[in-house]
Every structure is written in C-alpha cells, then in structure tokens.
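One structure is given here, and the rest of the page talks about it.
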Amino acid sequence: MNRAATLTVLILLLCAITAQGIPIPGIQGRCKCIRTTARPVNPKTMRSVKYIPRGSHCVTTEIIVTMKNGKKLCVNPNAQWVKIIIKAKRAGRQRK
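For the sequence shown, the residue numbers in mature numbering (1 follows the signal peptide of the UniProt record, and there is no 0) are -21 to -1, 1 to 75.
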C-alpha cells in the first residue's frame, strides 16, 4: 500500500511539473505594447481596434490599433480620443 501511494504521488508531481511549462492559448505572459502614443489617429485609416484589459499578463490596459496598411500601433488608453473611440465601439456592439 505504501509503495502504491508513493508511486501515485510521484506521478501527480510529474504531471504538475510538466503542466507548469504548457502555455495557455491566447494568453501571453507579458505586455504587448512596449510604448504607446497619444497622437490622434484618423478613424478612417483604422481597420480594427483591439482592447486588452489589464491582468496577470500585464499591469496596464492595452489598446492596439491596426491600420488599413497593416501597421499596428499601441495607443495610450488614457488619451481622450482613445476613450471616445472605445466608447463608440462598445456602444456599437450593444446595438447589434
């Protein structure tokens, strides 16, 4: 009985150690934006806006604007023009 319990504990320990290195899909362990800009961007040149709330992966809220030319731009979430765009996007989702 003691041998079976020891073997079970060792197997569980091995599984736990192995699971520590498995990445969770969709979540990275760091911020995506190294620096941000507060400079206004013309909404007509934007393809999409991605809102990433702060969490265990990053202590700050991140907003990534993808331009129509494919360029990605990290913008300051505290900039007034960014707040207006985020508010408009959320309002548009609620209407649909």
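Cβ atoms here follow ideal geometry from the backbone N, Cα and C, with glycine treated the same way.
In this text the structure is predicted, and so the values were computed from the model without any measurement.
The distance from the Cβ of Val28 to that of Ile64 is about 6 Å, consistent with a contact at the 8 Å cut-off. Here DSSP, grouped into helix, strand and coil, assigns Gly34 to strand. In the DSSP assignment, Leu52 is bridged to Val44. Lys50 and Arg9 have their alpha carbons spaced roughly 21 Å apart. Around Thr16, the same chain offers Leu52, Cys53, Val54, Asn55 as residues with beta carbons nearer than 8 Å, after the five sequence neighbours per side are excluded.
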